[in-house]
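Student:
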Amino acid sequence: MRLRRRIGYHLLTLYAVIGFGYILLPIAVIALFSFNDPAGKYNYNWQGFTLQYWRDVLAIPALREALFVSIEIALLVSVIATVLGTLIALALVRHAFRGRGATNLLIFLPMSTPEIVLGASLLALFLNLGVATGFGTILLAHVTFCVSFVVVTVKARLTGFDRQLEEAAMDLGANVTRTFLRVTLPLILPGIGAAALLSFALSLDDFVITNFTKGTVVTFPVYIWGAARIGVPVQVNVIGTLIFLIAVGIMAVGVAISVVRARRDRALAAAAR
Amino acid sequence: MGYLRRHPRAVPYLLIAPGLVWLGFLFVVPLYYLASTSLQSGDIYAGFQQTFSWSNYSDMAVQYRPQLVRSVQYAAIATIAALVIAYPLVYFIARRGGQWKSLLLVLLVAPFFVTYLIRTLAWQTILADEGLIVGVLRDIGLVAEDGRLLATSFAVVAGITYNYFPFMALPIYVALEQFDGRLLEAGGDLYANPVRAFLRITLPISLPGVFAGTLTTFIPAMGDFVNAQLLGTPKQYMIGNVIQSKFLVVVDYPLASAGAVMLMVLILAGVFLYARALGTERLTG
Chain A
1 MRLRRRIGYH LLTLYAVIGF GYILLPIAVI ALFSFNDPAG KYNYNWQGFT LQYWRDVLAI
61 PALREALFVS IEIALLVSVI ATVLGTLIAL ALVRHAFRGR GATNLLIFLP MSTPEIVLGA
121 SLLALFLNLG VATGFGTILL AHVTFCVSFV VVTVKARLTG FDRQLEEAAM DLGANVTRTF
181 LRVTLPLILP GIGAAALLSF ALSLDDFVIT NFTKGTVVTF PVYIWGAARI GVPVQVNVIG
241 TLIFLIAVGI MAVGVAISVV RARRDRALAA AAR
Chain B
1001 MGYLRRHPRA VPYLLIAPGL VWLGFLFVVP LYYLASTSLQ SGDIYAGFQQ TFSWSNYSDM
1061 AVQYRPQLVR SVQYAAIATI AALVIAYPLV YFIARRGGQW KSLLLVLLVA PFFVTYLIRT
1121 LAWQTILADE GLIVGVLRDI GLVAEDGRLL ATSFAVVAGI TYNYFPFMAL PIYVALEQFD
1181 GRLLEAGGDL YANPVRAFLR ITLPISLPGV FAGTLTTFIP AMGDFVNAQL LGTPKQYMIG
1241 NVIQSKFLVV VDYPLASAGA VMLMVLILAG VFLYARALGT ERLTG
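So the sequence lines, in the order shown, correspond to chains A and B. Residue numbers for the first sequence follow our numbering, beginning at 1 and rising by one. Residue numbers for the second sequence follow our numbering, beginning at 1001 and rising by one.
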């Protein structure tokens, strides 16, 4: 029995190693081929090592343009979606009101609708109302699918929030506005920040909904989709690798902050005793 | 401010108003227009009129039945594959991650921040005919000498499985993470057999996560068209490929809308049956 348990233990470890290998394999391929020096238009086979495309990452005008359009949209989307979603999350967690269930449902539904249906329905709206598709309609579409994710993220943070802190501030003479700005906001700010980053990432990544609402505007994923047929330039691999490194970096910083905080809280609690 | 103090009940409504108006106009109203367009007839030159042509639905169901069936099949296989791959992996992180738990989770999630299309193109490279995997599989005889992986159903399902992996992994992780490890130790003492302890304690506790994960994987997988396009051939096309090409290439808006509504109805029916089978409290709980 003990032997079987030990075999099971090691089997799970082996499985986890293989599992992580599977998850990271495409990223390794993307990174590896960002250093490739392909002979023709297709970056499929390893030809030789070069740093050229890391140096010339913005050298292709159409790609640079598409990337900047995507970043601009993602910035605007993250601001608008974060404001709209945070307000809803505040209402849902802090207030009991008639229609709360319906609001929860309306938040849940866009997340459980396939992107192609969201995109198709938005295009149906714009066609029927005669709205020309382009930068503005991409923006409207992206905010729509990001709001729900903001609500969920901020709600998770608000739920673990100690309301006594606010009552204490009020007892000490702070008014509602001051309490919100000095106590509530700083406490929920990490949640809001995470929600804004998530919206940014979702918007930057989106192809399916953008494809329906883009008109003639070319975003970064739309550029890749077009290039996929004729050969994707190596620079796309460079940008993919950079996105991975930035995502890991931001999340690692988040983890480090929460570890430091937890340690400080424990030290404070020990000191108080 | 004075108004709010006199009418505290208005506060939540003022907070939700901007977001709900937005979702009302850009999520609910569009679904109405999608349904309405699906009953129109006409063409792009003469224009489309509302004629309540239900034939769009029968045309869709008859002409594109293989794609509809394929969508259900591919999504179901990919969902099961993702469950089989994800469960032990997140179990490992939740139970054995220790102080590295958070960093392992970062490593699990970060790949999926890389642009979806770039990730799918990486699978194109991995599964390519001259690629490493096909070479090894040919050598050990699992793939015939002239056999391929790319441009097959396998490639499409593999792509879908990978791309929606976090939707399966994260809910299960949350469910496993929330429960007390001491419960398992106590269970281990009582049952002695680790397999029975797993079946009696861990598995039931993680089921809500499995339930949520299957839904959040299956739903987007049903509507996917990117994997079939980049990793498959027209022989692997799914209903998503039909909807997007009818909308954006052929510009037959009514037929395309009928396809999108059918997809939505299929998914809602699937979710309903699944929830009935497992008990509805798991859906919201």
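Don't be surprised by glycine CBs; every beta carbon is placed ideally from N, CA and C.
What alpha helix (DSSP H) runs, 4 residues minimum, are completely inside the segment 150 to 201 of chain A?
Tutor: The segment 150 to 201 of chain A contains these whole alpha helix (DSSP H) runs: 164 to 171, 176 to 179.
Student: To be precise: take each residue of the segment 1236 to 1256 of chain B, compare its Cβ to all Cβ atoms of chain A, and keep it if any distance is under 9 Å. Which residues remain?
Tutor: So the list reads Ile-1239, Gly-1240, Ile-1243, Gln-1244, Phe-1247, Leu-1248, Tyr-1253, Ala-1256, given in the order they occur along the chain.
Student: In chain order, what residues of the same chain have a beta carbon less than 8 Å from the beta carbon of A/Gln-47, not counting five sequence neighbours either side?
Tutor: Start at 1 with the first residue of the first sequence, and residue 47 of chain A comes out as number 47. If we look at A/Gln-47 and ignore the five residues flanking it on each side, its Cβ neighbours are Asn-36, Asp-37, Pro-38, Ala-39.
Student: With 16 other CB atoms within 10 Å as the buried threshold, where does B/Met-1178 fall?
Tutor: Counting from one through the second sequence, the residue named residue 1178 of chain B turns up at place 178. Per the sequence shown, residue 1178 of chain B should be read as Gln rather than Met. That one is exposed.
Student: Pairs of beta-carbons, one from the segment 1063 to 1073 of chain B and one from the segment 141 to 154 of chain A, closer than 8 Å: are there three or more?
Tutor: The segment 1063 to 1073 of chain B is not in contact with the segment 141 to 154 of chain A.
Student: Of the choices B/Gly-1042, B/Arg-1096, B/Phe-1165, whose alpha-carbon is the least far from that of B/Leu-1083?
Tutor: On the second sequence, residue 1083 of chain B is found 83 positions in, with the first residue counted as 1. With distances taken between Cα atoms, B/Leu-1083 lies closest to B/Phe-1165.
Student: Where do the N-terminal and C-terminal ends of the alpha helix (DSSP H) with B/Arg-1245 fall, by residue?
Tutor: Counted from its first residue, the second sequence places residue 1245 of chain B at position 245. Going by the sequence as given, residue 1245 of chain B is Ser instead of Arg. From DSSP, the alpha helix (DSSP H) with B/Ser-1245 extends over 1239 to 1248.
Student: In the DSSP assignment, find the unbroken beta strand (DSSP E) run with B/Asp-1043 in it and report its ends.
Tutor: Counting from 1 along the second sequence, the entry for residue 1043 of chain B is found at position 43. Its beta strand (DSSP E) spans residues 1040 to 1043.
Student: Could you tell me which residues DSSP puts in a beta bridge with A/Asn-36?
Tutor: As a working mapping, residue 36 of chain A is identified with position 36 in the first sequence. Paired residues: A/Phe-49.
Student: Report all residues from its chain with a CB closer than 7 Å to the CB of A/Phe-212; omit the five preceding and five following residues, and keep chain order.
Tutor: The residue you call residue 212 of chain A lines up with position 212 of the first sequence. So the list reads Gly-119, Ala-120, Leu-122, Leu-123, once near-sequence residues are dropped.
Student: Count the CB pairs spanning the segment 1023 to 1043 of chain B and the segment 1247 to 1266 of chain B that are closer than 8 Å, and state whether there are at least three.
Tutor: Output reads yes: the segment 1247 to 1266 of chain B touches the segment 1023 to 1043 of chain B.
Student: By Cβ distance below 7 Å, which residues in the same chain neighbour B/Val-1271 in space, the five residues on each side in sequence not counted?
Tutor: Counting from one through the second sequence, the residue named residue 1271 of chain B turns up at place 271. Same-chain partners within the cutoff: Leu-1215.
Student: Which value, in whole angstroms, describes the spacing of the CA atoms of B/Val-1265 and B/Gln-1050?
Tutor: Looking up residue 1265 of chain B in the second sequence gives position 265. Looking up residue 1050 of chain B in the second sequence gives position 50. Going by the C-alpha atoms only, they are around 21 Å apart.
Student: Rounded to the nearest angstrom, what separates B/Gly-1285 and B/Pro-1208 at their Cα positions?
Tutor: Within the second sequence, the letter at position 285 stands for residue 1285 of chain B. Within the second sequence, the letter at position 208 stands for residue 1208 of chain B. Its pLDDT being 40, under 50, B/Gly-1285 is placed unreliably in this model, and the value from its coordinates should be taken loosely. Computed Cα separation, rounded: 7 Å.
Student: So which residues on chain A does B/Val-1084 lean against when the C-beta distance must stay under 8 Å?
Tutor: Taking the second sequence and counting its residues from 1, the one referred to as residue 1084 of chain B is at position 84. What B/Val-1084 touches in chain A: nothing, since even the nearest Cβ is about 11 Å away.
Student: DSSP beta-bridge partners for B/Gln-1049?
Tutor: Start at 1 with the first residue of the second sequence, and residue 1049 of chain B comes out as number 49. Answer by DSSP bridge pairing, in chain order: B/Ser-1041.
Student: Under the rule that 16 or more other beta-carbon atoms within 10 Å means buried, what is A/Thr-177, buried or exposed?
Tutor: Taking the first residue of the first sequence as 1, we reach residue 177 of chain A at position 177. Flag for A/Thr-177 reads exposed.
Student: Alpha helix (DSSP H) containing B/Leu-1263: first to last residue?
Tutor: The residue you call residue 1263 of chain B lines up with position 263 of the second sequence. Note, B/Leu-1263: alpha helix (DSSP H), 1253 to 1278.
Student: What in chain B is Cβ-close to A/His-95, meaning under 8 Å?
Tutor: For the purposes of this step, residue 95 of chain A is identified with residue 95 of the first sequence, where counting begins at 1. Here the neighbours are Val-1011, Pro-1012, Leu-1015.
Student: State whether the segment 1227 to 1246 of chain B contacts the segment 1013 to 1031 of chain B, with contact taken as three or more CB pairs (one from each stretch) at a distance under 8 Å.
Tutor: No, they do not touch.
Student: Whole angstroms is fine: what's the gap from B/Leu-1211's alpha carbon to B/Phe-1092's?
Tutor: Position 211 of the second sequence, counted from the first residue, corresponds to residue 1211 of chain B. Position 92 of the second sequence, counted from the first residue, corresponds to residue 1092 of chain B. One detail in the question is off: residue 1211 of chain B reads as Phe in this sequence, not Leu. Near 19 Å, if we compare the C-alpha coordinates of B/Phe-1092 and B/Phe-1211.
Student: Please determine if the segment 58 to 78 of chain A and the segment 132 to 146 of chain A are in contact, where contact requires at least 3 C-beta pairs separated by less than 8 Å.
Tutor: The answer is yes - the segment 132 to 146 of chain A touches the segment 58 to 78 of chain A, with three or more Cβ pairs under 8 Å.
Student: So A/Asn-45 contacts chain B; which residues on that side make the cut at Cβ distance below 7 Å?
Tutor: For the purposes of this step, residue 45 of chain A is identified with residue 45 of the first sequence, where counting begins at 1. Going along chain B in sequence order, the residues near A/Asn-45 (Cβ under 7 Å) are Glu-1130.
Student: Exposed or buried, which one is A/Thr-103 when buried takes at least 16 other CB atoms within 10 Å?
Tutor: For the purposes of this step, residue 103 of chain A is taken as the residue at position 103 of the first sequence. Buried.
Student: Cα-Cα, which of B/Gly-1135, B/Thr-1079, B/Leu-1278, B/Phe-1112 is closest to A/Leu-25?
Tutor: In the first sequence, the residue the question calls residue 25 of chain A occupies position 25. The shortest C-alpha separation from A/Leu-25 is found at B/Phe-1112.
Student: Can you say whether B/Thr-1280 is buried or exposed, counting buried as having 16 or more other CB atoms within 10 angstroms of its CB?
Tutor: Along the second sequence, one-based indexing puts residue 1280 of chain B at 280. Unreliable positioning characterises B/Thr-1280 in this predicted model, as indicated by a pLDDT of 49, which lies under 50. The coordinate reading is nonetheless provided below. Result: exposed.
Student: Which word fits A/Ala-262, buried or exposed, when buried means at least 16 other C-beta atoms lie within 10 angstroms of its C-beta?
Tutor: The count along the first sequence starts at 1 and reaches residue 262 of chain A at position 262. Under this definition A/Ala-262 is an exposed residue.
Student: Would you kindly work out how many angstroms separate the C-alpha atoms of B/Glu-1185 and A/Asn-43, rounded to a whole number?
Tutor: Within the second sequence, numbered from 1, the residue matching residue 1185 of chain B stands at position 185. Within the first sequence, numbered from 1, the residue matching residue 43 of chain A stands at position 43. Each residue's Cα considered, the two are about 52 Å apart.
Student: Residues of chain B with a CB under 8 Å from the CB of A/Thr-144: which are they?
Tutor: By one-based count along the first sequence, residue 144 of chain A stands at place 144. Trp-1022, Leu-1023, Leu-1026, Phe-1027, listed in chain order.
Student: Listing by chain order, which chain B residues have their CB less than 8 Å from the CB of A/Leu-84?
Tutor: For the purposes of this step, residue 84 of chain A is taken as residue 84 along the first sequence, with counting starting at 1. Going along chain B in sequence order, the residues near A/Leu-84 (Cβ under 8 Å) are Pro-1018, Gly-1019, Trp-1022.
Student: At a Cβ cut of 8 Å, what residues of the segment 216 to 236 of chain A count as close to chain B, listed as they run along the chain?
Tutor: Within the segment 216 to 236 of chain A, the qualifying residues are Phe-220, Pro-221, Ile-224, Trp-225, Ala-228, Val-232, Val-236.
Student: Looking at chain B, is there any beta carbon in it that lies within less than 8 Å of the beta carbon of A/Val-77?
Tutor: In the first sequence, the residue the question calls residue 77 of chain A occupies position 77. For A/Val-77, the answer is no, since every Cβ of chain B falls outside 8 Å of its Cβ.
Student: Which chain B residues sit within Cβ distance under 7 Å of A/Arg-205?
Tutor: Looking up residue 205 of chain A in the first sequence gives position 205. Strictly speaking, residue 205 of chain A in this sequence is Asp, with Arg absent from that position. Correct list: Thr-1115, Tyr-1116.
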